[in-house]
Each structure stands twice: as structure tokens, then as C-alpha cells.
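Chains as they are written, first to last, in my numbering: chain S, 1 to 95; chain D, 96 to 190. All C-beta atoms, glycine included, are put in the ideal place defined by N, C-alpha and C. All remarks here apply to the structure that follows.
Protein chains: 2
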Amino acid sequence: MLFSECQIDTATEVLKSISHPIRLKILCFLLEGEKNVGEIEQKFGSTISNISQHLTVLRKADIISRRKDANFMFYSLKDKNIIALMETMKKLFCQ
Amino acid sequence: MLFSECQIDTATEVLKSISHPIRLKILCFLLEGEKNVGEIEQKFGSTISNISQHLTVLRKADIISRRKDANFMFYSLKDKNIIALMETMKKLFCQ
DNA sequence: CTGATTTTTTATTTAAAAATTAAAAATAAT
DNA sequence: ATTATTTTTAATTTTTAAATAAAAAATCAG
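Below, the structure is given as C-alpha cells:
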């Protein structure tokens, strides 16, 4: 078999976290570099509370990290594995 | 922006479809070649009805296709994009 | 034709995810 | 200190997905 039970669980959690239109858009946006919550909200609409909750989902799945600056919170992609996955997605779904 | 609205929708649908432990395992299993519903059910447990429903989800997302032979239904991976995605997943999550 | 096998479909129940709204923290500005 | 800004958290409602069980199709074997 390709995956162990534990790898299946990890992969499922990551995939589930990025399987939402808003979260997928956020991840694409973060490919440009770190952004604060307001910038993300302005870019994609929805409410800032809703965006914040989606960011929490991504953060709990270890996909993004954040840095505080005054009362702004800057979010960015956490590791190069996620970037690699996004690049593959781009190649497969954006021709 | 990296994705258009429509590409986001397509990508989200595909990701959502594969973001389930049983469905992810089925896809791995199908990397070996086509299998019928009973073979999949035996491999991973659950009920045959449940497996059939998961296969329907994958089929509606255009990820797998099927071929009828008597009263057996053989399923297989539909395209190489999905295989490429699975290979990337393997590289990223199975080290 | 009858009964057995394989799979799908439908209906119901249960559980999880998403959106909305309101309230709460934390910091900054006056 | 008070007020405004930015973000998070919590509570509620709504929506969607999953599992289970039962019934229905389709084909095969006798």
C-alpha cells in the first residue's frame, strides 16, 4: 500500500483544510507573501470573523503560521511542502 | 491572481472528493489497477453500500470511471492528473 | 422462473462544517 | 482614561456530509 493509516490521516486533514473555496483562495493569495486579516478580507469579501475562523482551520492543520505586529496579525504559508502542493494544484487545475 | 473563480471551484470539488480517509485509500488501491466494489469492500471494511456511495462521490468529481462486467462493476482511476496529484501527496506526506 | 449475488439507490439518522451575529481581547491614538 | 481599530472567540443557526439500514435493479446459475 501507498500510505500507512497515520499518513492517510495526516493527508486527509491537510486536504480537508484546503478543500474550501475561501481557504484555497487565501492560500493562493499567501503565495505572494504574508498578509494581514484585513487585507485578506478586502480581497475576498465575506466577514472578517469568517476569514479569521478559516485562518484558524488552516493554522490548526499546520499549513500557515502567524506573526503579531501591533494589533495586526500577519499570516503566511508555513512550509515548502504546502507551497509544492499548491504549485502542483496550479499545474493540474489552471491550464 | 493564481486561480479563476471557476478553477477554484473545480479544484475545491476534486480536493473535497479525495479528502476522506476511505476515499483516499480507495484511490491508492486503484493505483494498482481496476478493482470491483467487493474487492474494495474486503480491503477496507465498512459496508458495500457505503463503499458504493464513496465511489459515486469520486465518479461525480470525474476522478474515477467504471466498467460493467456481468454483475460486477470495475472501477479505475480516470486521468493522469489525479495520479500526478497522488504522487505529489505521496512525496509530501510519506517520507 | 426462482433464488442467489453484486451493486446502487433511497430514506433516515447522526455528526460535522460553515455562516452569522454578538461579545471580548489587545493594542493604538487622542 | 476613553475611544477606535484589528482580530479572535463564543454562541447560535443553517447547511452539508457520512453512516446505517432497507429496498430496488441487474445479472447469473440452476
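- In terms of Cα proximity to S/Thr-10, the closest of S/Ala-70, S/Glu-87, S/Lys-60 is S/Lys-60.
- Per the C-alpha coordinates, the member of S/Gln-7, S/Asn-71, S/Tyr-75 positioned closest to S/Glu-34 is S/Tyr-75.
- In this structure D/Ile-121 is in contact with D/Ile-135, their Cβ atoms being roughly 6 Å apart against a cut-off of 8 Å.
- DSSP, reduced to helix, strand and coil, places D/Lys-175 within a helical segment of the structure shown.
- Within the DSSP secondary-structure output, S/Lys-68 pairs in a beta bridge with S/Met-73.
- At a C-beta separation below 7 Å, S/Ser-19 has these neighbours in chain D: Thr-107, Leu-110, Lys-111, Ser-114.
- A distance below 8 Å separates the beta carbons of S/Ile-64 and S/Leu-30.
- At least one CB of chain S lies nearer than 8 Å to the CB of D/Ala-179.
- A contact between stretches requires three or more CB pairs, one per stretch, nearer than 8 Å, and the stretch 136-144 of chain D fails this requirement with the stretch 179-188 of chain D.
- Secondary structure note for S/Thr-10: its alpha helix (DSSP H) is the uninterrupted segment 5-18.
- The straight-line gap separating the alpha-carbon atoms of D/Ile-143 and S/Ile-22 is approximately 34 Å.
- A Cβ of chain D is located within less than 8 Å of the beta carbon of S/Gln-7.
- S/Leu-55 and D/Gly-140 have their alpha carbons spaced roughly 35 Å apart.
- Counting only Cβ-Cβ distances below 7 Å, S/Asn-81 has contacts in chain D at Leu-187, in chain order.
- Selection D/Ile-178, D/Val-132, D/Met-181 evaluated against D/Arg-162 yields D/Val-132 as nearest (Cα-Cα).
- Of the candidates S/His-20, S/Val-14, S/Glu-5, the residue whose Cα lies closest to the Cα of D/Glu-100 is S/His-20.
- Shown here for S/Glu-13: same chain residues with a beta carbon closer than 8 Å to its own, the five before and five after excluded, namely Ala-61 in chain order.
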